[in-house]
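Asker:
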Amino acid sequence: MGSGNLLPVMDYAILTGLVLVSGVVLALVAQWRGWRPSLLVVLAVGIGFRVLIMVTSAIDTWQPVDFMESFKPAGEAILNREDPVLGSEGGWHFLPTIPYVYGLLLWLGIPWEIGGRLVTVVADIALIPLVGKLAGGSKASLRAFQYACNPLAMLVAAVHGQVEPVALAFGVAAFVVARGPGAPDRPGITNDPVALVRQRVSALGLGGAVRQALAPGERATLRRALLAGLLMGLALCAKSWPIWLIPGMLLLLPTFRARAVAFVATGVAPVFFLVTLPVFAGTSLSQIPEVIHVIQDIRPIVGEWGYSAIMVGGDWTLSPEIATFGTRLIYVTMLVVAFLWRRADPVDLTTALLLAFMVVTPRLGAQYLLWFMPFLVARPTRFAWPAIIGVSLWAGYGYLYMTQFDTNTWWALHSVWAQCSIVLLPILALAMPWGRRAFTTPVEPPDAGPRVPLPASA
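Numbering follows the numbering used here, with no gaps: position 197 of the sequence shown is 210.
Written out as structure tokens, the structure is:
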């Protein structure tokens with residue numbers, strides 16, 4: 014998660030902790046009382062919490078190490094017309110999209126401690142109404158309010174300045190666009206895609222397929238698919254992990270053709286930002302292979318989370334063996350989960366994939382735990398709040414409590430903290446939408462008002 018400079022202590026840990034606890038209490042009371050606040054109230058609460066924590070974090074003597082030594086050099090590299098990946102000595106190993114924004118904010122003279130967090134805080138604020146849209150129904154404002162009060166989101170965006178909220182803002186927006194209007198509940202795979210394509214080609218012929226593609230309804234669907242794919246591509250420009258969001262986004266689209274358009278469009282933004290490196294970042298053509306190599310290279314650091322922390326005693330360790338085993342386990346688990354939830358609502362499928370990833374991954378920073386949060390808040394399960402509170406307590410202990418001590422004490426605490434994460438794995442597994450593995454049309458739409466009988470001729 015980026016332990017930060019371990020000599021200065023975090024000055025505003027108590028204030029930050031009080032804000033986070035207040036957020037949890039408000040979210041739970043809202044659930045209990047069935048609050049439906051207006052969007053203005055929801056945004057006021059979310060913005061107030063995040064701006065307060067951002068300001069206190071910016072003036073704090075403690076700053077996260079990766080925020081200062083990886084993200085800031087990437088922005089400075091853009092100012093100096095250097096490649097952000099190579100200019101940060103591999104500290105930034107993603108596409109240059111966000112460093113462009115960092116560079117602009119530095120060029121405007123905004124202090125880094127504010128400017129670097131401004132990117133993530135604005136993205137996390139944008140996520141608040143998006144979570145409501147993702148939830149849909151009459152509880153949309155409740156879910157948006159609960160995300161506005163989410164303690165982990167505040168820690169990641171306003172304290173750590175990690176870019177997960179940026180990837181999630183584009184990724185959740187892609188889901189909202191792909192789903193489009195209508196009921197929030199949608200089925201997953203309802204037919205064999207190959208058989209469906211053969212059936213349609215056989216029934217329509219080439220001319221019929223072209224006519225259908227040009228029909229007004231189909232054109233609107235394809236435009237939606239194009240925009241959803243472009244948004245998902247921007248999510249991938251922030252970090253590489255949103256690749257796990259692509260299946261759910263594609264399944265929200267109603268036709269095979271629309272899914273094909275969205276899939277192709279997803280690659281547009283990443284390719285654009287890669288090939289324009291020589292234009293905007295000053296990267297020479299000869300450096301591009303090296304940049305790609307650094308982006309692809311993932312150091313096999315384990316010991317921060319789950320079973321790998323137990324195996325190495327809770328210390329950061331370079332272990333290719335554990336990392337390789339964990340990577341293979343992730344791929345197998347993702348395939349199994351995708352099969353089990355193939356007929357589920359695509360949002361539930363995505364929640365299951367991301368939670369399963371957290372359970373089996375050998376390496377994790379606290380910011381990774383934000384990946385599933387918008388989806389789980391939008392469509393909560395029985396164990397959603399135990400999972401949300403559990404990961405928030407674990408991350409908060411690392412961000413707030415452990416930053417109060419000297420280096421030696423920090424390492425001793427880190428060892429116990431990392432190994433204690435094993436307790437969260439069964440809670441995260443239980444929070445998966447086990448009861449929603451197959452989509453069923455609700456007899457009564459969720460949160461719907463009284464039904465109006467249709468005329469007999471309808």
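No residue lacks a Cβ here, since even glycine has one placed at the ideal position from N, Cα and C. Predicted model, so just to flag it, every value in this text is computed and none were measured.
Can you list, in chain order, the residues of its chain with a C-beta nearer than 6 angstroms to that of methionine 67? Leave out the 5 residues immediately preceding and following it.
Answerer: Arg130, Val134 and Ala171
Asker: State yes or no: is the C-beta of alanine 248 within less than 9 angstroms of the C-beta of alanine 182?
Answerer: The answer is yes: Cβ separation under 9 angstroms.
Asker: Contact defined as beta carbons within less than 8 angstroms: I believe phenylalanine 286 pairs with threonine 110. What is the distance between those atoms, to the nearest angstrom?
Answerer: 5 angstroms
Asker: Kindly list the residues whose CB is nearer than 7 angstroms to the CB of leucine 265, restricted to its own chain and excluding five residues on each side of it in sequence; keep chain order.
Answerer: Phe188, Ala191, Arg192, Arg199 and Pro359
Asker: Which stretch, first to last residue, makes up the alpha helix (DSSP H) that contains methionine 23?
Answerer: Note, methionine 23: premise wrong, no alpha helix (DSSP H); not H, not E.
Asker: Using 10 angstroms around the beta-carbon of isoleucine 91, count the other beta-carbons present and answer buried if the total reaches 16, otherwise exposed.
Answerer: buried
Asker: Can you check which of these residues, Trp105, Arg46, Asn93 and Arg94, is closest to aspartate 310 by C-alpha distance?
Answerer: Out of Trp105, Arg46, Asn93 and Arg94, Trp105 has the C-alpha closest to the C-alpha of aspartate 310.
Asker: Within its chain, find whatever has a CB closer than 7 angstroms to the CB of serine 101; leave out the 5 residues flanking it on each side and keep chain order.
Answerer: Ser83, Pro86, Ala87 and Ala90
Asker: Please list, in chain order, all residues of the same chain as glycine 30 whose beta carbon is under 6 angstroms from its beta carbon, the five residues on each side excluded.
Answerer: Leu413
Asker: If you reduce the DSSP assignment to three classes, tell me which class leucine 331 lands in.
Answerer: strand
Asker: Check whether the region 424 to 433 touches the region 325 to 343, taking contact to mean three or more Cβ pairs, one atom from each stretch, closer than 8 angstroms.
Answerer: yes
Asker: Whose CA, out of Arg312, Gly184, Cys162 and Tyr320, lies closest to the CA of valine 373?
Answerer: Tyr320
Asker: Where does the unbroken alpha helix (DSSP H) through valine 429 begin, and where does it stop?
Answerer: 420 to 433
Asker: What are the partner residues of isoleucine 314, as DSSP defines its beta bridges?
Answerer: Looking at the DSSP assignment, isoleucine 314 forms a beta bridge with Leu331.
Asker: Could you give the DSSP three-state label for alanine 451: helix, strand or coil?
Answerer: strand
Asker: Please name the residue in Leu244, Gly201 and Thr330 whose C-alpha comes closest to that of threonine 268.
Answerer: Gly201
Asker: So is the beta-carbon of arginine 341 under 8 angstroms away from any non-hydrogen atom of the ligand FAD?
Answerer: Of the ligands one can find in the structure shown there are none, so the ligand FAD has no counterpart to examine.
Asker: What do you reckon, are the CB atoms on leucine 353 and glycine 261 nearer than 9 angstroms?
Answerer: no
Asker: Give the straight-line distance between the Cα atoms of serine 299 and aspartate 96, rounded to the nearest whole angstrom.
Answerer: 12 angstroms
Asker: Is it true that the CB of proline 283 sits closer than 9 angstroms to the CB of leucine 108?
Answerer: Closer than 9 angstroms, so yes.
Asker: Please classify tyrosine 115: is it buried, with 16 or more other beta-carbons within 10 angstroms of its beta-carbon, or exposed?
Answerer: The C-beta of tyrosine 115 has 16 or more other C-beta atoms within 10 Å across all chains shown, which makes the residue buried.
Asker: With distance defined between alpha-carbon atoms, name the residue in Phe158, Leu331, Ile256 and Glu231 nearest to alanine 40.
Answerer: Phe158
Asker: Should the region 136 to 154 be called in touch with the region 338 to 350, which here means at least 3 C-beta pairs below 8 angstroms?
Answerer: Output reads no: the region 338 to 350 does not touch the region 136 to 154.
Asker: Among Pro197, Val176 and Tyr113, which one has its Cα closest to the Cα of glycine 150?
Answerer: Out of Pro197, Val176 and Tyr113, Pro197 has the C-alpha closest to the C-alpha of glycine 150.
Asker: Within the same chain, show all residues whose beta-carbon is closer than 7 angstroms to that of arginine 449, passing over the 5 residues directly before and after it, in chain order.
Answerer: If we look at arginine 449 and ignore the five residues flanking it on each side, its Cβ neighbours are Ala357, Asp358 and Asp361.
Asker: Which of helix, strand or coil does DSSP assign to arginine 341?
Answerer: Shown here, arginine 341 sits in a helix according to DSSP, grouped into three states.
Asker: With DSSP collapsed to three states, give me the class of leucine 356.
Answerer: The question names leucine, yet the displayed sequence has arginine at residue 356. Of the three classes helix, strand and coil, the one that applies to arginine 356 here is strand, per DSSP.
Asker: When the Cα of leucine 258 is compared with those of Leu366, Leu239 and Met386, which residue comes out closest?
Answerer: Leu366
Asker: Taking the straight line between their C-alpha atoms, what separation do you get for glutamine 212 and arginine 270?
Answerer: Confidence in glutamine 212 is poor, its pLDDT being 44 and thus under 50, which makes the residue's placement too unreliable to answer from.
Asker: For tryptophan 125 and proline 112, I'd like the C-alpha separation in whole angstroms.
Answerer: 12 angstroms
Asker: Would you kindly check if the distance between the Cβ of threonine 74 and the Cβ of valine 22 is under 9 angstroms?
Answerer: yes
Asker: Would you kindly work out how many angstroms separate the C-alpha atoms of glycine 246 and aspartate 24, rounded to a whole number?
Answerer: 38 angstroms
Asker: Can you tell me whether arginine 63 is buried or exposed, with buried defined as 16 or more other CB within 10 angstroms of its CB?
Answerer: buried
Asker: Measuring CB to CB, does alanine 400 end up less than 9 angstroms from alanine 369?
Answerer: no
Asker: Since I believe glutamine 417 is in contact with alanine 71 (beta carbons under 8 angstroms), could you give me their beta-carbon distance rounded to a whole number of angstroms?
Answerer: Contact flag wrong, Cβ pair sits at about 19 angstroms.
Asker: So for leucine 294, helix, strand or coil by DSSP?
Answerer: The sequence given here has alanine at residue 294, not leucine. The answer is coil: DSSP assigns alanine 294 none of H, G, I, E or B.
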